[in-house]
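One structure is given below, encoded as structure tokens.
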Amino acid sequence: FSGANCVKAFKHILSFFMYRKGLDDLWDLCLNIRGEPATSTSNVIFHEKDLIASYHSRAQQLRSTTVGIAGIMTKKDDRLRKAADILLRIGDIRGYCECMRECGQWERAISIAPAVSQKFWFEMCQRYAQQLDAT
Numbered sequence: 059f060s061g062a063n064c065v066k067a068f069k070h071i072l073s074f075f076m077y078r079k080g081l082d083d084l085w086d087l088c089l090n091i092r093g094e095p096a097t098s099t100s101n102v103i104f105h106e107k108d109l110i111a112s113y114h115s116r117a118q119q120l121r122s123t124t125v126g127i128a129g130i131m132t133k134k135d136d137r138l139r140k141a142a143d144i145l146l147r148i149g150d151i152r153g154y155c156e157c158m159r160e161c162g163q164w165e166r167a168i169s170i171a172p173a174v175s176q177k178f179w180f181e182m183c184q185r186y187a188q189q190l191d192a193t
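Quick note: to get the numbering used here, add 58 to the position in the sequence shown (first position is 1).
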């Protein structure tokens with residue numbers, strides 16, 4: 059056996075002798091770590107990179123849409139703040155700063171921008187200064 063076949067073989071052998079809820083999730087995580095697709099469609103446990111991709115997609119959806127849940131119009135600032143919170147939770151600091159800048163929360167964006175890089179912080183400060191000069 060080699061690669062995915064080895065993991066699948068162990069999965070079948072151990073599942074035959076001992077089956078517990080969540081065991082399929084464990085084997086799918088093993089496959090995911092090896093960079094191979096999961097075999098189960100009813101997972102309860104997800105790999106971190108799958109969760110991050112899901113949350114990132116949700117944040118992008120909030121940033122781009124104008125209609126909220128059930129067709130209710132939501133304020134753009136509220137959507138951007140929710141998207142920023144999601145991005146901050148998953149560690150996308152640059153995305154957080156951009157969302158906060160878009161909703162006018164320049165100070166919050168600038169205060170956390172050094173976590174991305176000094177260059178990004180400097181660029182954010184320059185854009186804020188330009189925006190202040192324009193008003």
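Positions of the beta carbon are idealized from the N, C-alpha and C atoms, including for glycine.
Asked, Found
"Alpha helix (DSSP H) segment containing ALA117, residue limits", "106-122"
"DSSP three-state assignment for VAL65, whether helix, strand or coil", "helix"
"Test item: CB-CB of TYR186 and ILE170 under 9 Å", "no"
"Helix, strand or coil at MET182 [DSSP, three-state]", "helix"
"Integer-rounded CB distance, given that CYS157 should sit under 8 Å from ARG121", "7 Å"
"Selection from ALA141, LEU109, THR193 that minimises the alpha carbon distance to CYS161", "ALA141"
"Cβ-based neighbour list, ILE151, same chain, cut-off 7 Å, excluding 5 preceding and 5 following", "ILE170, ALA173, VAL174"
"C-beta contact flag for ASN90 and HIS105 at 9 Å", "yes"
"Neighbour-count burial assignment, LYS69, 16 or more Cβ in a 10 Å radius", "buried"
"Which of helix, strand or coil DSSP assigns to ARG92", "coil"
"Assigned secondary structure, SER73 (DSSP; H/G/I helix, E/B strand, else coil)", "helix"
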